[in-house]
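The opening position of the sequence shown corresponds to residue 318 in our numbering, with each subsequent residue numbered one higher.
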Amino acid sequence: MEPEGMVHALDEVHRLTRPAGTLIEVHPAVEFPFVEVRSNEELLFSEHDPGYDYEDDLRDAEAAIATVVGRGVFVLEKSRRFEMRTHASSVKELRDHWAVYGAYDPVEKEETLARRRDEMYARAHEVLERSPGAELVYVEPATMSRLTPAG
């Protein structure tokens with residue numbers, strides 16, 4: 318979505334939540350997500366996801382929120398960072414999850430990014446194979462903000 322569309326959407330949310338509503342806004346942070354292999358709380362593998370290519374979209378989302386807060390449409394009551402974690406027992410299971418999750422995404426990954434991601438998953442798979450009982454974890458830093466309508 319274009320930044321102007323994001324601001325328009327937030328203006329509409331303001332209209333719908335006035336006077337006593339609250340908007341809980343959640344989106345990935347402008348940080349690389351990463352893949353881990355863990356076994357009994359021990360970190361065996363960790364690499365950034367080389368397929369991360371949506372930084373501009375996230376910056377636009379943050380700018381849209383800053384715009385409506387700056388205009389006095391919403392008051393930012395609280396914001397915090399957390400990690401969204403997706404757990405899987407195998408690389409195939411995680412990739413199947415992402416295939417369903419992104420089934421309606423019309424944008425295809427660049428070939429170079431897709432190849433780098435395949436290579437990263439191959440390295441994670443090797444570690445999983447050597448570590449019975451280990452799990453794969455996709456970690457995506459995120460932010461959550463509570464905004465209330467102003468005025």
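Using N, Cα and C, we set each Cβ at its ideal position, and we do this for glycine too.
- Here D366 has F349, P350, F351, V352, R434, M437, Y455 as same chain residues with Cβ atoms under 8 Å from its own Cβ, once five neighbours each way along the sequence are excluded.
- The beta carbon of V386 is closer than 8 Å to those of V392, L393, L464 in its chain, skipping five residues each way along the sequence.
- Residue G368 holds the alpha-carbon nearest to the alpha-carbon of E427 among H344, T339, G368.
- Each of P458, W415, A467, E443 was checked against the Cα of L361, and the nearest Cα belongs to E443.
- Under the three-state reduction of DSSP output, T339 falls in the coil class, being neither helix nor strand.
- V354 and E410 have their C-alpha atoms some 14 Å from each other.
- If the five residues before and after D328 are omitted, its C-beta is found closer than 8 Å to the C-beta atoms of V385, V390, all from its own chain and listed in chain order.
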